[in-house]
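Residue numbers (UniProt numbering): 1 to 374. This report concerns only the one structure given below.
Structure, rendered in structure tokens:
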């Protein structure tokens with residue numbers, strides 16, 4: 001097994017690990033992490049590596065790769081299905097398993113790369129579904145408590161691509177720990193999907209919003225949509241050598257949204273969600289503070305639209321760089337072959353600067369940075 005982070009992440013960049021531990025059992029995972037903590041170390045914990053940008057110098061410490069497996073069906077009420085899933089299970093593998101059994105609730109999350117343990121950290125979501133709607137609890141190895149505890153989903157601060165477990169731009173999370181397993185509750189409704197809640201998916205399926213279809217049909221359509229955007233991993237397609245969407249869609253106040261061009265896509269949201277950082281034009285110093293409730297939100301914008309309207313097109317790359325904007329989707333920063341982490345970061349900074357200069361919005365990155373920052 002390679003101990004180079006470029007071989008362990010979907011962006012395919014990053015230098016060597018000081019030590020690599022493939023944690024194939026829950027006991028090995030827990031024991032290894034606790035031993036590192038006892039020595040005052042903070043190991044790098046990786047699942048599928050699909051949301052990580054690692055420095056070219058690598059990580060001079062222990063990398064724990066979570067490879068645990070297991071899906072257990074628990075007792076549940078009629079029409080409901082409870083599952084306990086080990087953190088190392090493939091997320092899309094879990095979705096495929098649910099769809100094969102006719103259980104709904106995650107079918108719109110098909111094709112998302114990475115492991116199940118990473119899913120609650122940023123509350124993964126796509127096409128009108130979010131993990132939050134089916135997550136019951138997690139088994140968390142809590143660093144402060146130094147023990148394995150069960151944490152209800154309601155205590156995770158789940159929001160748009162965030163939770164109390166997430167490191168925002170390399171910052172320390174509100175609750176530090178390692179996800180060991182998830183408990184989910186799905187629906188068993190004669191093979192029908194959850195109501196279709198996303199216009200693009202409804203259009204692709206040829207139905208109205210709220211319609212319910214065979215789950216397998218929804219999964220197939222979602223996979224086709226993601227593949228058309230280069231968002232389904234493919235070793236032969238460098239457009240998929242990415243971390244998926246590199247930036248989150250900004251959430252801003254309604255009044256600020258009204259200052260944007262009338263054709264800027266926007267979606268009203270409930271109060272209380274974290275907002276984007278909005279700055280007066282010309283005053284950005286390049287730093288990105290952590291999202292805060294001080295920026296109370298009303299409207300979600302399209303990061304892809306902002307990037308494109310700032311003059312950055314699909315396929316764009318800086319001169320001499322091997323990092324590029326995907327030719328299929330403006331939100332994905334890709335490794336076209338042999339790119340370095342510094343090249344990926346330089347392109348991300350350029351995109352941030354262009355959007356900040358044009359619209360006064362600082363785009364927030366999704367990936368976890370290891371050994372570098374924007």
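Idealized CB from N, CA, C, for every residue including glycine. Just so we're clear, the structure is a prediction, and the values are computed from it rather than from any experiment.
Inter-residue CB distance, residue 163 and residue 113 (contact presumed, cutoff 8 Å):
So it is not a contact: roughly 19 Å between Cβ atoms.
Query raised in the report: Counting pairs of Cβ atoms below 8 Å between the segment 30-44 and the segment 342-361, do you hit three or more?
Result: no
Exercise. Would the beta-carbon of residue 88 fall within 9 Å of that of residue 66?
Worked result: yes
Given a cut-off of 9 Å, decide if residue 15 and residue 8 are closer than it, judged by their beta-carbon atoms. no
query: How should residue 313 be labelled, buried or exposed, when 16 other C-beta atoms within 10 angstroms of its C-beta is the threshold for buried?
result: exposed
Same chain only: Cβ atoms within 8 Å of residue 122, ignoring 5 sequence neighbours per side = 51, 161, 162, 163, 166 and 366
Original post:
If you count every other CB in all the chains shown that lies within 10 Å of the CB of residue 275, and 16 or more means buried, which is it?
Top reply: For residue 275, the predicted structure reports a pLDDT of 49, less than 50, and the residue's modelled location is therefore unreliable. A value from the coordinates is still provided. Classification of residue 275: buried, given that the 10 Å Cβ count is 16 or more.
Report task. Give me the Cβ distance between residue 105 and residue 134, rounded to the nearest whole Å; I'm assuming they're in contact under 8 Å. Result -> 4 Å
**Prompt:** In its own chain, which residues sit with a C-beta less than 6 Å from the C-beta of residue 399, not counting the 5 before and 5 after it?
**Reply:** Residue 399 is absent from the model: the chain starts at 1 and stops at 374.
In this structure, how does DSSP classify residue 199 when only helix, strand and coil are distinguished? helix
Legend entry - CB of residue 205 within 9 Å of CB of residue 217, strictly: yes
- [ ] Pick helix, strand or coil for residue 296, following the three-state DSSP scheme.
- [x] A caution first: residue 296 carries a pLDDT of 46, below 50, which makes its placement in the model unreliable, though a value can still be read off. Looking at residue 296 - three-state DSSP - the assignment turns out to be coil, as it is neither helix nor strand.
- [ ] Starting from the Cα of residue 336, find the closest Cα among 237, 244 and 182 and give me that residue.
- [x] 237
Practice prompt. Whole angstroms is fine: what's the gap from residue 259's alpha carbon to residue 20's?
Written response: 50 Å
Near residue 232, which residues of its chain fall below 7 Å by C-beta distance, leaving aside the five closest residues on each side in sequence?
111, 223, 226 and 240
Item to complete: For residue 267, count neighbouring C-beta atoms within 10 Å of its own C-beta (all shown protein chains included) and say buried if the count is 16 or more, exposed if not.
Response: exposed
For this session: Taking 8 Å as the threshold, find out whether the segment 95-105 comes into contact with the segment 181-197 through three or more Cβ pairs.
Result: yes
Open item on the list: Tell me the DSSP secondary structure of residue 115 in three-state form.
Closed with: strand
### Query
Considering residue 352, what are the terminal residues of the beta strand (DSSP E) in which it resides?
No beta strand (DSSP E) holds residue 352; the alpha helix (DSSP H) holding it covers 341-359.
Quiz item: Among 265, 175 and 56, which one has its Cα closest to the Cα of residue 305?
Solution: 265
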